[in-house]
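Here the structure comes first, spelled out in structure tokens, and everything after it is commentary.
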């Protein structure tokens, strides 16, 4: 098990890598930033038999520079009372931040790494952080590193990443950590398969895009209660219409559409209610 100072050292190593990669790099060659909103009524939480309504505010930034690209996403999730905050009848609030940095082979070596349908390869490093004010009081800290295969598509992007991952978390419930009575946990190393896509297209002269991601996480050892985790799957995807372009001719300004969240064995949990999610969502994006 990694101690806290080792975890800090790992974060510093990632930061040093990102700083080195950015040193001497030009300013952003392209960027896209948006504020989003998602709403759904069929979300679930482990060991909770109730469907949970959630309002989700999102801030996303993606940009390219001379050696690769950055991706940053922050979700702030507000649950209904079916998912209560600690010692409260009100719904819980969660913040989830994800960052990924891609170092493109084609930019580093002045020639893309191509084969078959792959137009280039990248080295991706990143982290996830989360916190939620429930009695469980999760504080996820996750590091990922691995290759990304960038597929050649006519428009948009399709990226397939194979990550090595380490995860640390916390549980505030009294039974957590028995028999050692430790509330923090360092999960076993595991691998993650990540597929991300953003594909613009037109149908009946309407500007649309199909976007999303899919994660497969392998087992990560025992959980807080000594029970073995199982592989986890998460997919979020949406079909969006460029309303701004249709209504007033402003391309990539306001998007509206529907989304779907598919989650199995949430956080590696199983054999309990609330670990599987099938939730339709209403989605908005304002790009600026």
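Numbering (mature numbering (1 follows the signal peptide of the UniProt record, and there is no 0)), first residue to last: -27 to -1, 1 to 261. Using N, Cα and C, we set each Cβ at its ideal position, and we do this for glycine too. As the structure is a computational prediction, the values presented were derived from the model and not from experiment.
Tell me where the alpha helix (DSSP H) around residue i begins and ends.
i	result
residue 200	Segment: none, residue 200 is in no alpha helix (DSSP H) and carries neither H nor E.
residue 81	78 to 81
Just mark residue i as buried or exposed, buried being the case when its beta carbon has 16 or more other beta carbons within 10 Å.
i	result
residue 236	buried
residue -3	Bear in mind that the predicted position of residue -3 carries a pLDDT of just 46, short of 50, making it unreliable; the figure below should be weighed with that in mind. When all chains shown are included, residue -3 counts as exposed.
residue 61	exposed
residue 42	buried
residue 94	buried
residue 134	buried
residue 141	buried
residue 245	exposed
residue 84	exposed
residue 16	buried
residue 18	buried
residue -5	With a pLDDT of only 44 at residue -5, under 50, the local geometry of the prediction cannot be trusted, and the value read off the model is given with reservation. Counting Cβ neighbours within 10 Å, residue -5 comes out exposed, since fewer than 16 surround it.
residue 217	buried
residue 205	buried
What's the gap between the Cα of residue i and the Cα of residue j?
i	j	result
residue -1	residue 90	30 Å
residue -21	residue 106	Caution applies to residue -21, whose pLDDT of 46 falls short of 50 and renders its modelled position unreliable; the value that the coordinates give is listed next. Distance between the alpha carbons of residue -21 and residue 106: 23 Å.
residue 175	residue 28	29 Å
residue 208	residue 185	7 Å
residue 57	residue 63	5 Å
residue 239	residue 110	16 Å
residue 71	residue 99	8 Å
residue 263	residue 241	In the structure as shown, the chain begins at -27 and stops at 261. Residue 263 is therefore absent and cannot be evaluated.
residue 86	residue 97	15 Å
residue -7	residue 148	For residue -7, the pLDDT reaches just 46, beneath the cut-off of 50, and the residue's location in the model is therefore unreliable, leaving the point undetermined.
residue 127	residue 92	11 Å
residue -23	residue 228	Note that residue -23 scores a pLDDT of 47, beneath 50, so its modelled location is shaky; the value from the coordinates is reported in the next line. Answer to the nearest angstrom: the Cα atoms are 43 Å apart.
residue 257	residue 189	26 Å
residue 232	residue 254	5 Å
To which residues does DSSP link residue i through a beta bridge?
i	result
residue 7	33, 260
residue 141	114, 159
residue 95	77, 121
residue 170	131, 185
residue 313	As shown, the chain starts at -27 and ends at 261. That puts residue 313 outside it, with no answer to give.
residue 236	207, 250
residue 165	136, 190
residue 88	91
Looking only at C-alpha atoms, which of the options sits nearest to residue i?
i	options	result
residue 182	211, 234, 162	211
residue 259	31, 84, 189, 252	31
residue 122	143, 198, 206, 131	131
residue 45	54, 33, 66, 37	33
residue 23	53, 12, 103, 10	53
residue 226	201, 103, 204, 180	180
residue 136	5, 166, 8	166
residue 75	18, 215, 40, 17	40
residue 6	14, 190, 47	47
residue 192	4, 162, 114, 19	162
residue 158	194, 128, 187	194
residue 223	214, 231, 4	214
residue 38	10, 9, 233, 77	77
residue 125	113, 171, 81	171
residue 80	2, 250, 254	2
residue 25	206, 73, 50, 9	50
residue 138	115, 199, 120, 82	115
Would you please verify whether the beta carbon of residue i is less than 8 Å from any beta carbon of chain D?
i	result
residue 36	Absent from the structure: chain D. Only one protein chain is present.
Under DSSP, the beta strand (DSSP E) around residue i begins and ends at which residues?
i	result
residue 46	41 to 52
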